[in-house]
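Student: Okay, here's the structure, questions in a sec.
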Amino acid sequence: MNMDEVTTPKKALALYLIPVVFLVYFVIGALTGEIRFPGRTGIQGVSALLACGFPALWLASKVVRHEPKINLAAKTRTILAPLIMAIGVGIFFYVINEA
Numbered sequence: 041m042n043m044d045e046v047t048t049p050k051k052a053l054a055l056y057l058i059p060v061v062f063l064v065y066f067v068i069g070a071l072t073g074e075i076r077f078p079g080r081t082g083i084q085g086v087s088a089l090l091a092c093g094f095p096a097l098w099l100a101s102k103v104v105r106h107e108p109k110i111n112l113a114a115k116t117r118t119i120l121a122p123l124i125m126a127i128g129v130g131i132f133f134y135v136i137n138e139a
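Here the sequence shown is numbered in my numbering, starting from 41 and rising by one per residue.
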């Protein structure tokens with residue numbers, strides 16, 4: 041395993057913090073009825089729930105890339121993590137365009 045990708049628990053906390061904060065913001069926004077972004081109208085309803093997929097998949101890509109407990113080869117990590125992130129970004133832009 042490439043040690044650039046697998047990290048220690050302290051570094052993992054820093055890597056996972058931003059996606060977790062976004063996930064909490066999106067979930068709270070979806071549950072209260074609207075996710076707001078500066079300069080745009082808010083995302084409501086089913087679109088808001090779909091938007092929660094972006095930070096969830098962002099977090100999943102970070103976990104796949106850096107978590108030593110997940111037994112994956114380095115090559116698999118380098119392919120799978122960006123693929124998961126690309127799906128999350130795709131969901132986000134789909135939701136933004138639908139709103």
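Every residue, glycine too, gets a C-beta built ideally from N, C-alpha and C.
Let's test the definition: count the other Cβ atoms within 10 Å of the Cβ of Phe-94 and tell me whether it reaches 16, buried, or not, exposed.
Tutor: The residue given as residue 94 occupies position 54 in the sequence shown. Buried, by the Cβ-count rule.
Student: Alpha carbon to alpha carbon, what distance is there between Ala-54 and Arg-76?
Tutor: The residue labelled residue 76 in the question sits at position 36 within the sequence shown. The residue labelled residue 54 in the question sits at position 14 within the sequence shown. Those two C-alpha atoms are separated by around 25 Å.
Student: For Ile-127, collect the residues of the same chain with a Cβ closer than 7 Å to its Cβ; drop the 5 residues on either side in sequence, then sort them by chain order.
Tutor: Locating residue 127 in the sequence shown gives position 87, where the first residue counts as 1. Cβ neighbours of Ile-127 beyond the five flanking positions: Leu-97.
Student: DSSP state of Glu-74, grouped into three classes?
Tutor: Here the question's residue 74 lines up with position 34 in the sequence shown. Residue state, collapsed to three classes: strand.
Student: Kindly indicate the opening and closing residues of the alpha helix (DSSP H) around Gly-128.
Tutor: Position 88 of the sequence shown, counting from 1, holds the residue named residue 128. That run of the alpha helix (DSSP H) goes 114-138.
Student: For Ile-83, which residues does DSSP report across the bridge?
Tutor: Your numbering for residue 83 matches position 43 in the sequence shown. Answer by DSSP bridge pairing, in chain order: Ile-75.
Student: What do you get for Arg-117, buried or exposed, if any count of 16 or more other CB atoms within 10 angstroms of its CB means buried?
Tutor: Counted from its first residue, the sequence shown places residue 117 at position 77. By the 10 Å Cβ count, Arg-117 comes out buried.
Student: Is it right to say Leu-99 is buried, meaning 16 or more other beta carbons lie within 10 angstroms of its own, or is it exposed?
Tutor: Locating residue 99 in the sequence shown gives position 59, where the first residue counts as 1. By the neighbour-count criterion, in which a residue is buried when 16 or more other Cβ atoms sit within 10 angstroms of its Cβ, Leu-99 is buried.
Student: Could you spell out where the alpha helix (DSSP H) holding Ile-102 opens and where it closes?
Tutor: Along the sequence shown, one-based indexing puts residue 102 at 62. Note on residue identity: the sequence assigns Lys, not Ile, to residue 102. Element bounds for Lys-102: 93-106.
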